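*Asks:*
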Amino acid sequence: MDCNFGLVGTQLVTGIILGLLYALVALGYTMVYGVLKLINFAHDAVFALGGIAVFFVIGEWLGLNGPFSGIQLMFMVLFVLLVGGLVSAGGAVLLERVAYRPLRKRNAARLSYLISAIGASFFATYLFQQNFMLGPAKRGFPTLFASGEEGFSVQILGTRVIPTGILLVVVAILCFVILDRVINKTNTGRSIRALSEDPVAAQLMGINVDRVIVTTFLIGGFFGGVAGALYGLRFDNVVWNMGFIMGIKAFTSAVLGGIGNIRGAFLGAVLLGLLENMSTICISAEWKNVLAFALLPLVLIFRPTGIMGERIGG
Amino acid sequence: MAAFLTVKDVTMEFGGLKALSRVNFEINKGEIFGLIGPNGAGKTTMFNCVTGVYTPTGGQVSFDGQSITGKRPDQIVDVGICRTFQQIRLFPNMTALENVFIGVDARHQTSVFGALFRSGRHRREETEGEEQALNLLEYCGLRKYANDLAKNLSYGDQRRLEIARAMGTKPSLLLLDEPAAGMNPVEKNGLRDLVRKIRDEGITVLLIEHDMKVVMGLSDRVAVLDHGELIAYGQPEDVQKDPKVIEAYLGSGAGGQAAVGEDDRGGDQVGR
Amino acid sequence: MAVVQEQFDRVRGSYRDWEAGLGGPARIGLKIARYALAAFLMAMIPVLMERGYPPFSWVRLEGFFGTEVLFNTGLWILLALGLSVVVGLAGLLDLGYVAFFMLGAYTVALMTDSGNVGQFHLVEWPTWAALPFCILVAMFAGFTLGVPTLRLRGDYLAIVTLGFHEIVRQTANNLTITNGSRGIPGIPSPVIDLPFLHLEFGLETRYYWWFLLIPAILLAVLMIRHLDNSRVGRYWAAIREDEVAAAAMGVPVTKMKVLAFVIGASTSGVAGWIYATKISFIAPNSFPLLQSILVLCAVVIGGLGSISGAVLGAAIVIALPEIIREFSGAEPVLGFDVLTGRIAIFGLLLIVVMIYRPGGLLAARRRRTELQEAGAAGAVIHEEVVES
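Protein chains in written order, with my numbering: chain A, 5 to 318; chain B, 18 to 289; chain C, 143 to 530.
1) Rank A:L53, A:R101, A:V303, A:G139 by C-alpha distance to the C-alpha of C:P474 and give the top, closest one.
2) Classify A:S288 as buried or exposed, calling it buried when 16 or more other Cβ atoms lie within 10 Å of its own Cβ.
3) Can you give the beta carbon distance from B:R176 to C:A390, rounded, assuming they're within the 8 Å contact cut?
4) On the DSSP letters alone, give me the boundaries of the beta strand (DSSP E) that B:N45 sits inside.
5) Classify C:W218 as buried or exposed, calling it buried when 16 or more other Cβ atoms lie within 10 Å of its own Cβ.
6) How long is the line joining the alpha carbons of B:E142 and C:F282, rounded to whole angstroms?
7) Could you give the DSSP three-state label for B:F108: helix, strand or coil?
8) Count the other C-beta atoms from every protein chain shown that fall within 10 angstroms of the C-beta of C:S448, then say buried if there are 16 or more, exposed otherwise.
9) Taking Cβ positions only, does B:H244 come closer than 8 Å to chain C?
10) Between which two residues does the beta strand (DSSP E) carrying B:V241 extend?
11) Note the first and the last residue of the continuous alpha helix (DSSP H) segment covering A:Q207.
12) Could you give the DSSP three-state label for C:Y195: helix, strand or coil?
13) So, at 6 Å on beta carbons, what are the nonlocal neighbours of B:V94 in its own chain, with the 5 sequence-adjacent residues on each side left out?
14) With a threshold of 8 Å, are at least 3 pairs of Cβ atoms found where one atom belongs to the region 70 to 87 of chain B and the other to the region 49 to 60 of chain B?
15) For C:A362, is the classification buried or exposed, using 16 other Cβ atoms within 10 angstroms of its Cβ as the cut-off for buried?
16) Consider the Cβ of C:G392: report whether some Cβ of chain B lies at a distance smaller than 8 Å.
17) Would you identify the three-state DSSP class for B:Q274, choosing helix, strand or coil?
18) Buried or exposed: which applies to C:R376, given that a residue is buried once 16 or more other Cβ atoms fall within 10 Å of its Cβ?
19) Just the C-alpha distance for A:Y117 and A:L42, rounded to the nearest angstrom, thanks.
20) Consider the Cβ of B:N152: report whether some Cβ of chain C lies at a distance smaller than 8 Å.
21) Give the secondary structure of C:R154 by DSSP, where H, G and I count as helix, E and B as strand, and everything else as coil.
22) Which of the residues in the region 175 to 205 of chain A, read from start to end, lie with their CB under 9 Å from any CB of chain D?
23) Could you compute how far the alpha carbon of B:Q149 sits from the alpha carbon of B:E254?
24) Could you tell me the alpha carbon to alpha carbon distance between A:V50 and A:N245, rounded to whole angstroms?
25) Which residues of chain B have a Cβ atom closer than 9 Å to the Cβ of C:V289, listed in chain order?
26) The alpha helix (DSSP H) with A:E290 in it runs from where to where?
27) Where do the N-terminal and C-terminal ends of the alpha helix (DSSP H) with A:R108 fall, by residue?
28) Using a 10 Å radius around the Cβ and a threshold of 16 neighbouring Cβ atoms, would you call C:V189 buried or exposed?
29) So, is the C-beta of C:V442 closer than 8 Å to a C-beta in chain A?
30) Give, in chain order, every unbroken run of the alpha helix (DSSP H) that is at least 4 residues long and sits entirely within the region 456 to 492 of chain C.
31) I'd like the span of the alpha helix (DSSP H) that includes B:D255, first residue to last.
32) Kindly list the residues whose CB is nearer than 6 Å to the CB of C:N214, restricted to its own chain and excluding five residues on each side of it in sequence; keep chain order.
33) Residues of chain C with a CB under 7 Å from the CB of B:G135: which are they?
34) Please confirm whether any heavy atom of the ligand ATP lies closer than 7 Å to the CB of B:D194.
35) When you compare only the Cα positions, how much space is there between A:N281 and A:I252?
36) If you measure from the beta carbon of C:D384 to each beta carbon in chain B, is any gap under 8 Å?
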C-alpha cells in the first residue's frame, strides 16, 4: 500500500466537516426510525429538495448571487438555510401524508412501507432530473462567500478551511445542540421519546400518535433541507441525484452510531466522514464509496445496535 | 415413570430483570401438566425457553434423555415438541387446511430437488399430507372450515386450529399457551375434551392456563410460578391449598382461596 | 375488476378440478401440451411483429424495433421471474438483484474468447459451455449474500442488498481483470453447429435471440410453478406470513430464505449470459443501480408472486415506455422525457399500488389479501407482547 501520511491533517479536518454534513442528514433517518421503526428510504429526496429549493428560489427566481458581506451576508446565510429547511420540512410532511399514513391506517405489512418509500424517493429524484426541473447535469449554486485569495479562511492543522466549511461546522453543531435540548427537555421531545420506546403505552397516555409522527418528519426534514442547502454551498452545485449516495452514507452513519439514537447519529456520521477521508491516505479515492457500502453490512452483522445502542435519547 | 421433560435450574435474565429464577420441575410421559401463576410470573418465558425462542441464561432443559437447551425452534419440532401461542399466531391469509399442512410438512422430507422435479416422494407426501391435514381438522372439529382463510374463523375456532396445526408435527409433547383464553364456557368444555382426547392418544401435554377450573380439572400435576420462581409443585388439590399459592394470586384469606378455584361451582370468573 | 378476477379464478379452478380427475400420464401429457403451445405462441410473436401484423402494428411494435423491444421485454421477464421468487414468494426485499445479472454477464465474458485480441478471460471456452457457470456463479453469489444477511430485518436487508449491487459494480469498475470502467468488448455469440442446423447468433440474426429466451422463460415458469405448489412454496408462504410462528412449526427459516435467494438468482444468471452474448459488450455502467429498482418495480406493479404478474410488470417497465416514446416521436410527454420520466411515474405507481392494490396488478391469489393487513406479526406501530 502506498500511504501518503502528509495528508493526515487535511483529511482529518475535511473528514470531520464531511461527517457533520452526513450527521444532519442522518438525523432524519434516525428520528423517523425511532418512532416508526422503519428506514425512511425517501429521506434522500427530502435532503435533495432542500438544495434544489434554494437553487430555484434564490438562484433562479430571485437571481441572487454573491459574494456578499457584512449584514447582507448574515441575512443571506439565514435566508438560504431557512428556505432549504422549510421546503424540505414541507416535503417531509407531504411524504408522510401520502406515502406512509395510508399504510399506517391500514396496519399494512412492513414490506409495503419500504416499497412505498422507495417509490416516493424515485418519483421525486427522477422528477428532479426532468428538464423542467434540474435536468441531467449539475447546476451551479448561488455563491454567498467571497472565494479565492481575497476570501476569508482559517488555517487548521495545516489545512485551509473556507467559509462554507466553517458554516457547516457551526450550523451542524448548533442544530444538534438544539435538537438534543428539544428531545430531552421539551414536551414534544418527551412525546417523541415515549412513542419510540413504547408505542402502546404512549397511546394509552393520551399522546396523539399522528401528530408526533408528523412532528418527527418535520424536524428530520428541516435538518435534511438545511443539509441540502449546505451541500450546495460547499460543493457549489446541485444535481438531480445528489440525494442518492448521501442517503446511503447518512443511513450507514445512523446505524453505525445506533439507529434511533440522536447522539449516536452524530457520532456515527462524524466517524464515517473521518473514516472515509482518512482512508484515502492509503487507498485510492475510487474505493471510498465501496467503504460506506461495505461498512453497513459489517456493522449490521457484528454490532447491529451500533456504537451507542438504540434508545432515541441516547 | 421416567421424566420426559426435565427443567433443571432454569434461569432467564433480560438485562437486569430475572424473568425466571432457578426453576425446577419434571413432566412425566403421558400426563397433563399445568403451569400456572399470576400475570407476569414467567410462564410464557418458560415456554419460550423450552421451545428455543430464548436460550436460558442458566440451567438446562432436557427432553427424553437428550439436552435441548439452546436449540432453535425448528430443531425443537424435530425432537418432538410443538407449541401454540398465547396470542394466536396462525398464518392468517392461508386456509385452515394450509395452516395444518405446514405442521404436517414438518415431518416430511421433500427437498428442493424433490419439489423441482416432482419426485415420487413429493407426490406421495402431497397426497398423504393433505389427507393427514384433513383428518386433523376433523379431529379438532374444524373439517368444514378447511378452505376458509384462517383469519376469517371465529376466535374459538382459531385456537383449535392452532392446536390442529401443532398436532400436524406429530409431537410427543404439546405445549399449549392459554388455549382457553377468550373462550365462552361451552367452548372451554369442548377444549377440555379435546385436550383429554389428545392425551389419550399418548401425547404429553404442558398447559399454561389462567382459568382455574380448566387447568385444575385437566391437570394431573401442576407447577406454580410467581415472579419467576417456582413456589409450588404437585397434585392440583395440594397446590390449591398451599398458602403461598393463594397469597401469590390474591393476598391471603378467603378471597385468595376462592381465586385459586377451590369452589368448583364458582363458574369461570376465578383465577385472575 | 374484482369481479373479473373472481370469474377468472373460477374458470381456472374448474379446469384444475377437471385436470385432477385425469390419470397420471394424461396429466403429464396435458402439461407438456400446455407448455408446447405456449412455446409456439411465443415463437410466433416476433414473426408477426417483423411482418407488421396486428395487434403489434397497432402499437408500432414492428420490424427491427419491435423485435428489439420484444427481446428486452423477454430478458426482463426472466429477471422479474427471478426477483418474484425472492420478493413475491419469500417476501424478502432485494434492492440489488441486478448484481446477480451482472455477475452472470461477467462470467461469460471472462470465460470465453472475449476482447478484440482475446485478452480478457480466465479460460477460453465456447459460449455455450459458459452458460451453466453463469447460473452457478449467480446462485453462489445469492448464497454468499444470503447467509450472513438473511437474519437481518426487512429494511436492513434491503439496504444491504442495495449495497451489494454497488459493491459488485464498483469492484468490476476497479479491477484490472474486468478491464475496469472500459468494460469487456467482443464477447462471442453462441453458435449452433449441428449437422442439420447451423446458426450464428449475431446482432443481425433478428429474432433468433428471442428463441433462446423462450426455453429460458418457460423453464423458469416451470421451476416457479413446481416450487410454489410444494413444501418449499408453503414454507415460503408461512415465512411471509409470520416468521416466528413458522419457525415454531418446524420451518428452517434462514435456510428457506437463502434458498429463495439462490433460486431467484438462477434466472438472472441465464439472463446475464443471454444479454452479454447478444450485446457482446458489457461494462459496469451497463448495470446501474437503477436497474435493480426497475426490476423491483416490474415485480411489485405487475404482481407479486405470480407469473403473469412478472410478465405484465416487465411489459409495463420496458415495452410500454418504448411504445409511448414511439407515439410521441421521442419528444417529452407533459414535460417528462419518456425514458427517465417513466421512472418517476413508476415511483408514483409503487406508492399507489401499495396503498390501493398491495399485491400488484395481477397478484397471486394468496398475496392479494396478505399485504393489506399485517396482523400481529407485521404491524409497525403495535409491537406484540410476548410475555405473560
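The beta-carbon is built from N, C-alpha and C at its ideal position, and this holds for glycine as well. Quick caveat: nothing in here was measured; it's all calculated off a predicted structure.
*Replies:* Looking at the atomic coordinates:
1) A:G139
2) exposed
3) With 8 Å as the limit, B:R176 and C:A390 do not qualify as a contact, their Cβ atoms being about 15 Å apart.
4) 34 to 45
5) buried
6) 29 Å
7) coil
8) buried
9) no
10) 238 to 243
11) 203 to 208
12) coil
13) A123, T186
14) no
15) buried
16) yes
17) Model confidence at B:Q274 stands at a pLDDT of 49, short of 50, so the residue's coordinates are unreliable and nothing is read from them.
18) buried
19) 8 Å
20) no
21) helix
22) Of the protein chains in this structure, namely A, B and C, none is chain D.
23) 38 Å
24) 12 Å
25) In chain order: nothing, as chain B lies at least about 15 Å away.
26) Run containing A:E290: none; DSSP gives neither H nor E here.
27) 105 to 109
28) exposed
29) yes
30) 462 to 470
31) 253 to 258
32) I460
33) Note that residue 135 of chain B is Arg in the sequence shown, not Gly. What B:R135 touches in chain C: H368.
34) Only the bare structure without any ligand can be found here, which leaves the ligand ATP out of the picture.
35) 16 Å
36) yes
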